[in-house]
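Novice: Supplied in structure tokens, the structure appears directly below.
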Amino acid sequence: MEILGFIENSFVDWDGKVSAVIFLGGCNFKCPFCQNYPIVKRDKLLKRYKANEILEYLKNNQKFIDGVVITGGEPLINPGIFDLVRNFKEEGFLVKLDTNGYFYFNLLTLIKENLVDYVAMDIKTSLKKYHKAAGRKIEISLIKDSIELLKEDKVDYEFRTTLVPKLVTIEDLFSIKEEIKGAKRWVLQKFVNQNAKSKIYQRIEPYTKEEAENLLSLLKSDGKIKEVYLRGY
Ligand code: SF4
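In structure tokens form, the structure reads like this:
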């Protein structure tokens, strides 16, 4: 397992918390709009961080840091994730996981063993278009299983969808909403085209604030999801 990024203090990666953020290398998806592609492909130029040094930093700054956000890449591709989060939990830190939801069994283990306090799972688009968003063929039942697992509400969570025009249309959003109905929280994130992996996606303009607010009001109208809101606008 390689730690390829580390932010000492963040106020934006976990709503309401001060967190440190750790980026684990590698991912099983190849999303064309990915913002973290150097992390995904474990770029040789990226600095490597040692887990024990990060833990030491956290212990020395425990007064100011509520928790650790583990992101990537896809953190659950790494078998070492369990020991890593155990170390953080043993020192009293909360742990948030960002995941694409594909490693259902790893997610289940983290939840069962109380190793995670908050899960943010991507729902990239409607299930029928998922392969386009993920950039590969996928076994969609694993995504569905993770959705159902989080809806059991054994751990606090959010589903989140990046509003990538064309890939995520209003029809896709209604389809996602049906798939996750009854969920506690769904966050619609602004798409940032600047560092997108694919040149085609670099040229796609994000939805404007007005367009995003219109989408939000259509999705919120029937109350099927308890909380739905925009992030990044
Ligand atoms: S799942 Fe996330 S990290 Fe992996 S390729 Fe897609 S956007 Fe990038």
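First residue of the sequence shown? That's 111 in the working numbering, and the numbers climb one at a time after it.
Using N, Cα and C, we set each Cβ at its ideal position, and we do this for glycine too.
1) For ligand 1, is there a heavy atom less than 7 angstroms away from the beta-carbon of G211?
2) Would you mind reading off the limits of the beta strand (DSSP E) that contains T272?
3) So for R341, helix, strand or coil by DSSP?
4) Take L252 as the anchor and find which of K264, N119, G135, D232 has the nearest alpha-carbon.
5) Just checking my contact of A306 with C137 at CB under 8 angstroms: how many whole Å lie between their CB atoms?
6) Is there at least one Cβ from chain B nearer than 8 angstroms to K160's Cβ?
7) In whole angstroms, what separates the C-alpha of R196 from that of I113?
8) Using the beta carbon as the reference atom, which residues fall closer than 6 angstroms to any heavy atom of ligand 1, ordered along the chain?
9) Rounded to whole angstroms, what's the CA-CA distance from L165 to F213? Just pull it up for me.
10) Any idea what DSSP makes of Q312, helix, strand or coil?
11) Measuring only the C-alpha atoms, how far is L134 from V297?
12) Is the beta carbon of S327 less than 8 angstroms from the beta carbon of S285?
13) What residue range is occupied by the uninterrupted beta strand (DSSP E) comprising K228?
14) CB-CB under 6 angstroms to K291, same chain, minus the five flanking residues each way: which ones, in chain order?
15) For the putative contact between P185 and D208, defined by C-beta atoms under 8 angstroms, what is the C-beta separation to the nearest angstrom?
16) Quick one: is the Cβ of D176 within less than 7 angstroms of any heavy atom of ligand 2?
17) What whole-angstrom Cβ distance do K247 and Y228 have, given they're in contact under 8 angstroms?
18) Do you know offhand how far V265's Cα is from V226's?
19) Would you decide whether T318 is buried or exposed? Buried here means 16 or more other CB atoms lie within 10 Å of its CB.
20) I need the DSSP call for N171, collapsed to helix, strand or coil.
21) Tell me whether Y267 is buried or exposed, calling it buried when 16 or more other Cβ atoms sit within 10 Å of its Cβ.
22) Assign L155 to buried or exposed, taking buried as 16 or more other Cβ atoms, counted over all protein chains shown, within 10 Å of its Cβ.
23) Which of the three DSSP states, helix, strand or coil, is assigned to V122?
24) What are the boundary residues of the beta strand (DSSP E) that S256 is part of?
25) Going by alpha carbons, who is nearest to D123 out of F174, T181, I314?
Specialist: Checking against the coordinates, here is how it stands:
1) For ligand 1, not one heavy atom lies less than 7 angstroms from the Cβ of G211.
2) If you look at T272, you'll find it in the beta strand (DSSP E) that goes 266-273.
3) DSSP places R341 in strand when its eight states are reduced to three.
4) For the options K264, N119, G135, D232, the alpha carbon positioned closest to that of L252 is the one of D232.
5) Taking C-beta atoms under 8 angstroms as the contact rule, A306 and C137 fail to qualify, at a distance of about 15 angstroms.
6) The question asks about chain B, but that chain is absent: this structure has only one protein chain.
7) Using only the alpha carbons, I get a separation of about 16 angstroms.
8) One residue list follows from the rule of a beta carbon closer than 6 angstroms to any heavy atom of ligand 1, given in chain order as C137, F139, K140, C141, C144, N146, V150, G182, G183, E184, N210.
9) Their backbone Cα atoms lie some 25 angstroms apart in a straight line.
10) In the structure shown, Q312 sits in a helix (DSSP, three-state: H, G or I).
11) The straight-line gap from Cα to Cα measures roughly 23 angstroms.
12) It is not a contact, given that the beta carbons lie outside the stated cut-off.
13) Lys is not the amino acid found at residue 228; the sequence shown has Tyr there. Where Y228 is concerned, the enclosing beta strand (DSSP E) stretches over 228-232.
14) So the list reads K334, once near-sequence residues are dropped.
15) By a beta-carbon distance limit of 8 angstroms, P185 contacts D208. Their separation comes to about 7 angstroms.
16) Ligand 2 is not part of the structure shown, which contains ligand 1 as its ligands.
17) Not confirmed; about 30 angstroms, so no contact.
18) V265 and V226 have their C-alpha atoms roughly 8 angstroms apart.
19) Answer is exposed; the Cβ neighbour count stays below 16.
20) Coil, per DSSP.
21) The C-beta of Y267 has 16 or more other C-beta atoms within 10 Å across all chains shown, which makes the residue buried.
22) Exposed: under 16 other Cβ atoms inside 10 Å.
23) Reduced to three states, the DSSP call for V122 is coil.
24) Segment 250-261 is the alpha helix (DSSP H) holding S256; no beta strand (DSSP E) there.
25) The residue among F174, T181, I314 with its C-alpha nearest the C-alpha of D123 is T181.
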